[in-house]
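*Asks:* Below are the structure tokens for one structure; questions will follow.
There are 4 protein chains.
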Amino acid sequence: MGRKSLAPVRRAEILKHFYEVLVKEGIEGASIARIAKHMGVYPGHITHYFKNKEEMLIELVESLMKEYAEQLIPQWEKIQDPGKRIHKILDMVFSVDWAEFFNNRVFFACFYLSLSNRKIHSLINQAYERFFRILTDEIENCIKPGISDKVDTAAIADMMIVQMEGISIYNIILRDKQRIEAASRMAKEIVLDLLNIDTG
Amino acid sequence: MGRKSLAPVRRAEILKHFYEVLVKEGIEGASIARIAKHMGVYPGHITHYFKNKEEMLIELVESLMKEYAEQLIPQWEKIQDPGKRIHKILDMVFSVDWAEFFNNRVFFACFYLSLSNRKIHSLINQAYERFFRILTDEIENCIKPGISDKVDTAAIADMMIVQMEGISIYNIILRDKQRIEAASRMAKEIVLDLLNIDTG
Amino acid sequence: MGRKSLAPVRRAEILKHFYEVLVKEGIEGASIARIAKHMGVYPGHITHYFKNKEEMLIELVESLMKEYAEQLIPQWEKIQDPGKRIHKILDMVFSVDWAEFFNNRVFFACFYLSLSNRKIHSLINQAYERFFRILTDEIENCIKPGISDKVDTAAIADMMIVQMEGISIYNIILRDKQRIEAASRMAKEIVLDLLNIDTG
Amino acid sequence: MGRKSLAPVRRAEILKHFYEVLVKEGIEGASIARIAKHMGVYPGHITHYFKNKEEMLIELVESLMKEYAEQLIPQWEKIQDPGKRIHKILDMVFSVDWAEFFNNRVFFACFYLSLSNRKIHSLINQAYERFFRILTDEIENCIKPGISDKVDTAAIADMMIVQMEGISIYNIILRDKQRIEAASRMAKEIVLDLLNIDTG
DNA sequence: GATGAATGAGTGTTCATTCAT
DNA sequence: GATGAATGAACACTCATTCAT
């Protein structure tokens, strides 16, 4: 038998360092040479595990999108009461913290690249569609008991994402916590209103 | 009197080509060498007029933000009736076309760079604050005649921008015209509702 | 007795793939990595069986020269009549097909390398000396019965090789079948003339 | 006015160093980095004047083929007597010195590359066609006065080139001056015979 | 004012080879 | 015997920038 494959481990290591360099230096600074130096290895080490930079990039986006999903749901899955649950979700999604839950440097690097790279776009698209489905499920759950009805579940889920993203960008542009928090509260009320839930 | 300086003209020319290369090749492809080739000059020509790339970049963002503002207001300034006017504004801001009014490649390149460049961030921030003021003015205008009152003008303006940006991003991610148009309509209704204006 | 060594088999396999890559990609493309990929193994596999690239190269030249000789003689060994035999040899050696019997890409790669590598030069030299001896033997054979005499056997053999090689190169340069065929016919007549054999 | 263009000068300089490195290190060693080091400049200097390596290579082949032609004709153009002239040409073409007039390392590098590069092949082909025309002209010249007639001029010119090339290759393979000189003499006699000229 | 030569560090990628399992 | 991780240098080429004319 030959030597056992370290590829999955090494690839994960490389992606970790890639992420860190991306955070520190931005996409324009995240060169293979720089990542290698940050790892303390030679550039050849990286291209040994990823046949080229694009492959590495795509794998990073893939892993990030997966990780995001994993960190998402656990936050509210322990809450049983549908009413409290939807409140929790809205609090999270429209919070400033949430807007900074993802590293902006990394997220918008990926987002920007999705404008010209079909694969990256597809990965991000899938992640959002998954998130969309989670939201529709949650909305449906809180309607059943009669808390709200006659609502266009899908439209509201889309609206939640729209507002979430809008707050995220506007937060970056304004850097004004008070205004962003006010907007977040208003967004929450709007959604609750759409759901016919008492805003209190 | 001496010869008139050609610098402003040349700088504008360079920025035009910079913009075009940015659209075609993205920020990673918009190198000085590439812009020079696109112009049919030597790289030295560009660095002769801009002391370095950052200066050129900032000037581009500056001119873009200025241009955006100039193309904005004219669109509704001829409409006298305050009610129709606010409808027009909302139709514009929440339309898919509007979301693609700015070249995404260019806008998000600038936006991404604003994450690490204070000057660029400041320029974008100022542009949005200007837009914010325009919106508050318009909202106030349409309230005065009694069409709506008791509203937090600033909060609504912020909310409009949040939704506008959210739609813009979500449009890029989804690439689903129907859903985006539905979200746009809903966003408009929400704002009209906040303004206590009949949605019809 | 232990397990039988697979080394000779593996080495032959590697050389086969080396040859194929050489044909397809030329000497500059025949890297160990590329050969390994073509085989579906790791580069280490190759350097495990050949201590370095030069060794592999030399072994390839060796095997090629051997193979050439093996494919050569059988072509005319069944012909008994000395006259017909020499005609057959000349027809073969001066034919366009013969000029393309060896893969040019491979042959001239080896030939080029022989300019700087003594071992490769020596191997090629030996092959040609062997061929030279075959030719002198054949010439002598066809003289004995009185078909021709008073000829400088060695000189004619050399001349045959000279013309054969000249046709080979000129064929590559011209890519003009008619002219090459004409030259081949003329070369044959010249040799027959040197051998005092009736050209017909 | 800007700075005056040094491009032709620099390009020629680079080609000179390229040639020298090619002679010393072979095609595999003639990397841009190595040529740059040999010149005492940075690699960027070279790619500033040649957009890529292929362009540089083709320009080298072009200049070599041109140079060959220029050094060729002068050698016999002063000889008036057609008989002596043709003797001189044959002496030259079939001499060992002639076979080494061109640097073999360089010539066969180019020749090898012509197997896969159309442009290089075309340049070499053109050079040989030019040489072919020179030879036919010379042959015709020496026939007119009645020295020889009823000969296929073109076929003999081709034959001369075939033998010249054959001697060149065989010289490299054998490295046996005596045999090559003997072959050269014999080649000369053959051609004179074809021309119906007394071999003396 | 304008051109273009020159610099020197950088890019992603591939190389032959060695070492550990 | 065989596999594959790891090395370190090299590759062709591009970069932003400076300098000389």
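Residue numbers (my numbering), protein chains in the order written: chain Z, 670 to 869; chain V, 670 to 869; chain G, 670 to 869; chain A, 670 to 869.
Cβ atoms here follow ideal geometry from the backbone N, Cα and C, with glycine treated the same way.
What you are looking at is a predicted structure, and each value in this text was computed from that prediction instead of being measured.
Would you mind telling me which residues of chain G sit closer than 7 Å to ASN773 of chain A, beta carbon to beta carbon, in chain order?
*Replies:* Chain G residues near ASN773 of chain A: LEU784.
*Asks:* How big is the Cα-Cα spacing for ALA710 of chain V and PHE687 of chain V?
*Replies:* The sequence given here has Val at residue 710 of chain V, not Ala. Taking the straight line joining both Cα atoms gives about 13 Å.
*Asks:* Taking CB distances under 7 Å as the criterion, tell me whether SER853 of chain V reaches chain Z.
*Replies:* Not an interface residue.
*Asks:* Please confirm whether LYS857 of chain A and LEU782 of chain A have their CB atoms less than 7 Å apart.
*Replies:* Result no, Cβ atoms of LYS857 of chain A and LEU782 of chain A do not sit closer than 7 Å.
*Asks:* When the Cβ atoms of the stretch 800-810 of chain V are set against those of the stretch 737-746 of chain Z, are three or more pairs found closer than 8 Å?
*Replies:* Contact fails: fewer than three Cβ-Cβ distances are below 8 Å.
*Asks:* Which residues in the same chain have their Cβ closer than 7 Å to the Cβ of ALA676 of chain A, if we skip the five residues on either side of it in sequence?
*Replies:* Excluding residues within five positions, the ones whose Cβ falls inside 7 Å are TYR718.
*Asks:* Does any heavy atom of the ligand MN sit closer than 6 Å to the C-beta of ILE704 of chain V?
*Replies:* This structure lacks the ligand MN; in fact it carries no ligand of any kind.
*Asks:* Taking ILE866 of chain V as the reference, which of V:PHE771, V:ALA826, V:GLN847 and V:GLY752 has the closest Cα?
*Replies:* Considering only alpha carbons, the answer is V:GLY752.
*Asks:* Compute the distance between the beta-carbons of MET734 of chain V and ALA796 of chain V, then report whether it is under 7 Å.
*Replies:* Yes, Cβ-Cβ distance for MET734 of chain V and ALA796 of chain V is below 7 Å.
*Asks:* Going along chain G in order, which residues have a C-beta closer than 7 Å to the C-beta of TYR832 of chain A?
*Replies:* First, the residue type needs correcting, since residue 832 of chain A is Gln and not Tyr in the sequence shown. Those are VAL831, GLN832 and GLY835, listed as they occur along chain G.
*Asks:* List the endpoints of the continuous alpha helix (DSSP H) containing GLU746 of chain G.
*Replies:* Looking at the DSSP string, GLU746 of chain G is not in any alpha helix (DSSP H), and its letter there is neither H nor E.
*Asks:* Measure the Cβ-Cβ separation of ASN786 of chain Z and ILE842 of chain V and say whether it is below 7 Å.
*Replies:* The answer is no: Cβ separation not under 7 Å.
*Asks:* Can you name the residues of chain Z whose CB is closer than 9 Å to the CB of ASP827 of chain V?
*Replies:* Per Cβ cutoff of 9 Å: TYR839, LEU843, ARG848, ILE849, ALA851, ALA852 and MET855.
*Asks:* Please report the residue range of the alpha helix (DSSP H) in which LYS673 of chain A lies.
*Replies:* Here LYS673 of chain A belongs to no alpha helix (DSSP H), and DSSP marks it neither H nor E.
*Asks:* Under 7 Å, Cβ to Cβ, is there at least one residue of chain Z near ILE859 of chain V?
*Replies:* For ILE859 of chain V, the answer is yes, since a Cβ of chain Z falls inside 7 Å of its Cβ.
*Asks:* Just verifying my parser: in three-state terms, what is the DSSP assignment at GLY869 of chain G?
*Replies:* At GLY869 of chain G the pLDDT is 49, less than 50, meaning the model places this residue with poor confidence and gives no usable figure here.
*Asks:* How big is the Cα-Cα spacing for PHE801 of chain A and ASP827 of chain A?
*Replies:* Straight-line Cα distance between these residues: approximately 7 Å.
*Asks:* Thinking C-alpha only, which one of Z:ALA705, Z:PHE777 and Z:GLY835 is nearest GLU682 of chain Z?
*Replies:* Of the candidates Z:ALA705, Z:PHE777 and Z:GLY835, the one whose C-alpha sits nearest the C-alpha of GLU682 of chain Z is Z:ALA705.
*Asks:* Anything in chain V within Cβ reach of ASN794 of chain Z, meaning under 9 Å, just list it in chain order.
*Replies:* By Cβ distance, chain V contributes ILE842, LEU843 and ARG844.
*Asks:* Consult DSSP for ARG844 of chain Z and reduce its assignment to one of helix, strand or coil.
*Replies:* In this structure, ARG844 of chain Z counts as coil in the three-state DSSP scheme.
*Asks:* Give the list of continuous beta strand (DSSP E) stretches no shorter than 3 residues that lie fully inside the stretch 754-836 of chain G.
*Replies:* Complete beta strand (DSSP E) runs here, min 3: none at all.
*Asks:* Decide if GLY713 of chain A is buried, meaning its Cβ has at least 16 other Cβ atoms within 10 Å, or exposed.
*Replies:* Exposed, by the Cβ-count rule.
*Asks:* Would you report the Cα separation of GLU723 of chain Z and ILE715 of chain Z, rounded to the nearest angstrom?
*Replies:* Taking the straight line from one Cα to the other gives about 12 Å.
*Asks:* Below 8 Å on C-beta distance, what does ALA778 of chain G contact in chain A?
*Replies:* Going along chain A in sequence order, the residues near ALA778 of chain G (Cβ under 8 Å) are TYR781.
*Asks:* List the whole-angstrom C-beta distance separating SER834 of chain G from ILE838 of chain A, where the pair is believed to meet the contact cut-off of C-beta under 8 Å.
*Replies:* Looking at the sequence provided, one finds Glu at residue 834 of chain G rather than Ser. Correct: roughly 4 Å between the Cβ atoms.
*Asks:* Starting from GLY695 of chain A, find everything on chain G with Cβ-Cβ shorter than 9 Å and list it in chain order.
*Replies:* By Cβ distance, chain G contributes TYR781, LEU782, LEU784 and SER785.
*Asks:* List the endpoints of the continuous alpha helix (DSSP H) containing ILE715 of chain A.
*Replies:* Segment 712-718, the alpha helix (DSSP H) holding ILE715 of chain A.
*Asks:* Which residues of chain G have a Cβ atom closer than 8 Å to the Cβ of TYR688 of chain A, listed in chain order?
*Replies:* Per Cβ cutoff of 8 Å: no residues; TYR688 of chain A is ~16 Å from chain G at best.
*Asks:* Locate the alpha helix (DSSP H) running through ILE696 of chain A, then write down its first and last residues.
*Replies:* Run containing ILE696 of chain A: none; DSSP gives neither H nor E here.
*Asks:* Three-state secondary structure (DSSP) at LEU864 of chain G?
*Replies:* Looking at LEU864 of chain G - three-state DSSP - the assignment turns out to be coil, as it is neither helix nor strand.
*Asks:* Which residues in chain A sit within 8 Å of ALA676 of chain G, going by Cβ to Cβ distance?
*Replies:* By Cβ distance, chain A contributes nothing, its closest Cβ being about 28 Å from ALA676 of chain G, past 8 Å.
*Asks:* Report the three-state DSSP secondary structure of GLY709 of chain V (helix, strand or coil).
*Replies:* It is coil, neither helix nor strand.
*Asks:* Assuming VAL831 of chain A and ALA699 of chain G form a contact by the criterion Cβ under 8 Å, report the distance between their Cβ atoms to the nearest whole angstrom.
*Replies:* Contact doesn't hold; Cβ gap of about 30 Å is too wide.
*Asks:* Find the residues of chain Z that neighbour ALA702 of chain V, judging by a C-beta separation of less than 8 Å, and give them in chain order.
*Replies:* Here the premise fails: no neighbours, minimum Cβ distance about 16 Å.
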